[in-house]
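Enquirer: Quick one: the structure is below, and I'll ask about it shortly.
In the working numbering, the protein residues as written are 7 to 141.
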């Protein structure tokens, strides 16, 4: 883009910002025009580490102010987990926690939605734990 005289922007995630692998050796060159990050912490870090960066935070979560709080209903609680089904997202930890709750006779209904390389393992673990599997 620089050779063509064009501007460009990039969205950076944690692995792009904090990992020191080969792709990040020239991070300063990637940060020339505009950078989008998901948290103020990441924006502040980039500004401190690479002065002059124009980092914009676009939060990719849920605006809880848009939803009124309601007390929990009696009966089983429900969890919805949505994400890429890869090991680093920790769905196996959620499933183990659900097993522990069931063993304590504190059942929680859970639905995990997503696709990824761990999908078969997540489905099998959910079925084994008699939990609601990925739709």
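Every residue gets a Cβ at the ideal spot worked out from N, C-alpha and C, and that includes glycine.
What does the Cβ neighbour count give for residue 28, buried or exposed, with the cut at 16 atoms within 10 Å?
Expert: Per-residue confidence for residue 28 stands at a pLDDT of 46, beneath the threshold of 50, marking its modelled position as unreliable; no derived number is given.
Enquirer: Nearest CA to the CA of residue 15: which residue from 111, 23, 39, 101?
Expert: Of 111, 23, 39, 101, the residue nearest in Cα terms is 39.
Enquirer: Per DSSP, which one or two residues make a beta bridge with residue 15?
Expert: According to DSSP, residue 15 bridges with 40.
Enquirer: Taking only the alpha-carbon atoms, compute the straight-line gap between residue 141 and residue 117 and give it to the nearest angstrom.
Expert: Per-residue confidence for residue 141 stands at a pLDDT of 46, beneath the threshold of 50, marking its modelled position as unreliable; the derived number appears in the next sentence. Approximately 8 Å, taken between the alpha carbons.
Enquirer: Give me the Cα-Cα distance between residue 123 and residue 132, rounded to the nearest whole angstrom.
Expert: 16 Å
Enquirer: Should residue 23 go down as buried or exposed, given a rule of 16 or more other Cβ atoms within 10 Å for buried?
Expert: buried
Enquirer: Secondary structure at residue 64, three-state DSSP: helix, strand or coil?
Expert: coil
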